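Down below is the structure, laid out as structure tokens.
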Amino acid sequence: MIRLILLLCLASLSSGLLNGQLSDSGSWYKTPEELIQDIYVAVSAKNSESVDWQRVRSMFYDEAVVILRTSRDKSTQFTPDGFIQDFKDFYQNPEVKVNGFGEKILRMKTMVYKDIAFIATVYSAEIIGSQRPPTRGVDLWLLAKKDGLWKITSVVNEVISAGEELPDEPAWKF
2 MIRLILLLCL ASLSSGLLNG QLSDSGSWYK TPEELIQDIY VAVSAKNSES
52 VDWQRVRSMF YDEAVVILRT SRDKSTQFTP DGFIQDFKDF YQNPEVKVNG
102 FGEKILRMKT MVYKDIAFIA TVYSAEIIGS QRPPTRGVDL WLLAKKDGLW
152 KITSVVNEVI SAGEELPDEP AWKF
């Protein structure tokens, strides 16, 4: 009887720990691309309360570094928790609070070697229903496997200014 109880407790604990990084399909991220595709979906929502911030947090190493463009002339470094808090604060913007926010990947380039990966994305971001056109940007993601699961180790971001395009170089043709 004690063994059965221990087994049930262990199974419950294991499923609780692993559920932190399940994609919408209900399976672990088998590829780094699945993780990156899902983070854009995960942060897009009608309001902050409908975002599963715990799920977003589970996508990052605890020590991950997030560097985002926070104004025209400034980038800010965040921890994963700071990144999430910045997003929660953004969702308090009255227009975002009423209409929601959406991000989507326009293009993606991936390099994987064993348990490490680099992914570059060109994305669009918009306040849903806004008269302003969507903003485009570039995210450069580094990932590594941890306990068999892909996790984000770092991301750095740059906004593509209106009317600008990426450099006309082979590395940016994706």
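By the numbering used here, the letter at position 75 of the sequence shown is numbered 76, and the numbering carries on one by one without gaps.
Note that beta-carbon positions come from the ideal geometry of N, C-alpha and C, so glycine has one too.
Bear in mind the structure is a predicted one, so any value in this text is a computation, not a measurement.
DSSP three-state assignment for residue i, whether helix, strand or coil
i: residue 148; result: coil
i: residue 129; result: coil
i: residue 72; result: strand
i: residue 172; result: helix
i: residue 85; result: helix
Those residues which DSSP pairs with residue i across a bridge
i: residue 141; result: 121, 157
i: residue 79; result: 67
i: residue 46; result: 102
Buried or exposed by the 16-neighbour rule on C-beta atoms within 10 Å, applied to residue i
i: residue 44; result: buried
i: residue 114; result: exposed
i: residue 96; result: exposed
i: residue 104; result: buried
i: residue 78; result: exposed
i: residue 60; result: buried
i: residue 101; result: buried
i: residue 36; result: buried
i: residue 178; result: With the chain represented from 2 up to 175, any question about residue 178 goes unanswered, as that position is not in the structure.
i: residue 156; result: buried
i: residue 99; result: exposed
i: residue 2; result: Unreliable positioning characterises residue 2 in this predicted model, as indicated by a pLDDT of 42, which lies under 50. The coordinate reading is nonetheless provided below. Result: exposed.
i: residue 152; result: buried
i: residue 164; result: exposed
i: residue 172; result: exposed
i: residue 38; result: buried
Delimiting residues of the beta strand (DSSP E) encompassing residue i
i: residue 107; result: 102–114
Limits of the unbroken alpha helix (DSSP H) element including residue i
i: residue 43; result: 33–43
i: residue 57; result: 54–59
Residue i CB to nearest heavy atom of the ligand SAM below 6 Å
i: residue 134; result: Only the bare structure without any ligand can be found here, which leaves the ligand SAM out of the picture.
Three CB pairs or more closer than 8 Å across the segment 129–148 and the segment 106–121 | yes
Take every Cβ of the segment 34–53, pair it with every Cβ of the segment 65–75, and state whether three or more of those distances are shorter than 8 Å.
-> no
Is the segment 78–92 close to the segment 29–36, with three or more CB pairs under 8 Å?
-> no
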